[in-house]
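Step one of this worksheet: look at the structure below.
Numbering (mature numbering (1 follows the signal peptide of the UniProt record, and there is no 0)), first residue to last: -28 to -1, 1 to 220.
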């Protein structure tokens, strides 16, 4: 009879263990996130993380985000939430991590500002909801940030501007160079003048000589006209006297 009691006791113990394990599995925290996240350098991205629990969330629910660089360096904490958010106060994520989640809605997401190539690595999201759900497995997310490429429109405009402005600049420089060279070649010493070059003073004297010559020529023509007129008048008087004498 004793062996039946012993067997019954072992069976009850196994049932209790199984029930406890089942309750633990049901009440365990479930955390989920994307396995990989791609971003472009300089963008704002969301590190999504969601959780579910059979227990009601409370002020004891906490969220922990950590980061491991790709070169195998130790993991570092980048964000902590416990009744309120605690962003990083030092390190590469200082000033670039913002809480973007909602504990009551099962959201433990973060927002990463100005994504950098140095942010590549593995982010881990862990959520605990004591006293029951404290054994949930955290989720891991691989972040890959790529350099920003020039857009097609910007490249097209840049090439077009280069094709227009570069030849214009070259032509302008060539013309300026030729103007400077011509000006330098035509600049002669002060005491030398070419055979056909007239300096300012000589040109003035030449013009004054022309004016004087014109005045003299006009006066001469006027006097000549006056003498011709006198000669004509005197001849006419002589003719009249001769006619009068012949009549007498």
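Yeah, the Cβ is synthetic: ideal placement off N, Cα and C, and Gly gets one too.
- request: Give the straight-line distance between the Cα atoms of residue 32 and residue 131, rounded to the nearest whole angstrom.
  value: Reading the chain shown from its first residue, position 60 is the one you call residue 32. Reading the chain shown from its first residue, position 159 is the one you call residue 131. Rounded to whole angstroms, residue 32 to residue 131 spans 59 Å at the Cα level.
query: Can you tell me the Cα-Cα spacing of residue 152 and residue 137, whole angstroms?
result: Here the question's residue 152 lines up with position 180 in the chain shown. Here the question's residue 137 lines up with position 165 in the chain shown. Answer to the nearest angstrom: the Cα atoms are 22 Å apart.
query: What three-state label does DSSP hand residue 98 in the structure shown?
result: Taking the first residue of the chain shown as 1, we reach residue 98 at position 126. For residue 98, the secondary structure class from DSSP, reduced to helix, strand or coil, is strand.
- prompt: Hey, residue 117 and residue 81: beta-carbon distance below 8 Å or not?
  reply: Locating residue 117 in the chain shown gives position 145, counting from the first residue. Locating residue 81 in the chain shown gives position 109, counting from the first residue. Using a Cβ distance threshold of 8 Å, residue 117 and residue 81 do not count as a contacting pair.
- prompt: What three-state label does DSSP hand residue 144 in the structure shown?
  reply: Within the chain shown, the letter at position 172 stands for residue 144. It is helical.
field: CA-to-CA distance, residue 120 to residue 51, given in whole angstroms
entry: Numbered from its first residue, the chain shown carries residue 51 at position 79. Numbered from its first residue, the chain shown carries residue 120 at position 148. Approximately 27 Å between the Cα atoms of the pair.
field: Whether residue 57 touches residue 71 by CB criterion (8 Å)
entry: For the purposes of this step, residue 57 is taken as residue 85 along the chain shown, with counting starting at 1. For the purposes of this step, residue 71 is taken as residue 99 along the chain shown, with counting starting at 1. Yes.
query: How is residue 43 classed by DSSP in three states: helix, strand or coil?
result: Locating residue 43 in the chain shown gives position 71, counting from the first residue. The answer is coil: DSSP assigns residue 43 none of H, G, I, E or B.
message: By alpha-carbon positions, which one of 46, 26, 98 ends up nearest to residue 35?
response: As a working note, residue 35 is residue 63 in the chain shown. With distances taken between Cα atoms, residue 35 lies closest to 98.
query: Rounded C-beta distance between residue 227 and residue 95? I'm assuming under 8 Å.
result: Nothing in the structure corresponds to residue 227, since the chain is present only between -28 and 220.
Paired residues, beta bridge with residue 111 - DSSP: Along the chain shown, one-based indexing puts residue 111 at 139. 97.
query: Going along the chain, which residues of its own chain have a beta-carbon closer than 8 Å to the beta-carbon of residue 42, five neighbours each way excluded?
result: For this step, residue 42 is matched to residue 70 along the chain shown. Contacts found: 92, 93, 94.
field: Contacts around residue -2, its chain only, beta-carbon distance under 8 Å, and the 5 residues preceding and following it disregarded
entry: By 1-based counting over the chain shown, the position of residue -2 is 27. Confidence at residue -2 is low in this model, with a pLDDT of 47, below 50, so the placement of that residue is unreliable and no value is reported for it.
query: What beta strand (DSSP E) runs, 3 residues minimum, are completely inside the region 55 to 104?
result: Fully enclosed beta strand (DSSP E) runs of 3 or longer: 69 to 71, 82 to 84, 93 to 100.
Residue closest to residue 2, alpha-carbon to alpha-carbon, out of 143, 39, 101, 115: What you label residue 2 is simply residue 30 of the chain shown in a count that begins at 1. Measuring from the Cα of residue 2, the nearest candidate turns out to be 101.
- prompt: Using the C-alpha atoms, what's the distance from residue 4 back to residue 133?
  reply: Taking the first residue of the chain shown as position 1, residue 133 is located at position 161. Taking the first residue of the chain shown as position 1, residue 4 is located at position 32. The C-alpha of residue 133 lies about 50 Å from the C-alpha of residue 4.
- request: Would you list the one or two residues that DSSP bridges to residue 11?
  value: Counting from 1 along the chain shown, the entry for residue 11 is found at position 39. In DSSP, residue 11 forms a bridge with 117.
Between the CA atoms of residue 69 and residue 112 - distance to the nearest angstrom: Working through the chain shown from its first residue, we reach residue 112 at position 140. Working through the chain shown from its first residue, we reach residue 69 at position 97. Each residue's Cα considered, the two are about 17 Å apart.
- request: Below 7 Å CB to CB, which residues in the same chain sit around residue 83 once its five sequence neighbours on both sides are set aside?
  value: For the purposes of this step, residue 83 is taken as the residue at position 111 of the chain shown. Closer than 7 Å at Cβ, skipping near neighbours: 16, 18, 70, 72.
message: Taking its Cβ as the centre, do 16 or more other Cβ atoms sit within 10 Å of residue 147, making it buried, or is it exposed?
response: Locating residue 147 in the chain shown gives position 175, counting from the first residue. Residue 147 should be labelled exposed.
query: Of the choices 74, 40, 55, 135, whose alpha-carbon is the least far from that of residue 65?
result: For this step, residue 65 is matched to residue 93 along the chain shown. Of the listed residues, the one whose Cα sits closest to residue 65 is 40.
field: residue 16, DSSP secondary structure in three states
entry: Residue mapping note: residue 16 aligns to position 44 of the chain shown, counting from 1. Three-state DSSP puts residue 16 in coil, outside helix and strand.
- request: Classify residue 135 as buried or exposed, calling it buried when 16 or more other Cβ atoms lie within 10 Å of its own Cβ.
  value: As a working note, residue 135 is residue 163 in the chain shown. Within a 10 Å sphere around the beta-carbon of residue 135 sit fewer than 16 other beta-carbons, which makes this residue exposed.
Residue 27 - containing beta strand (DSSP E), residue span: Locating residue 27 in the chain shown gives position 55, counting from the first residue. Per DSSP, residue 27 belongs to no beta strand (DSSP E) and is neither H nor E.
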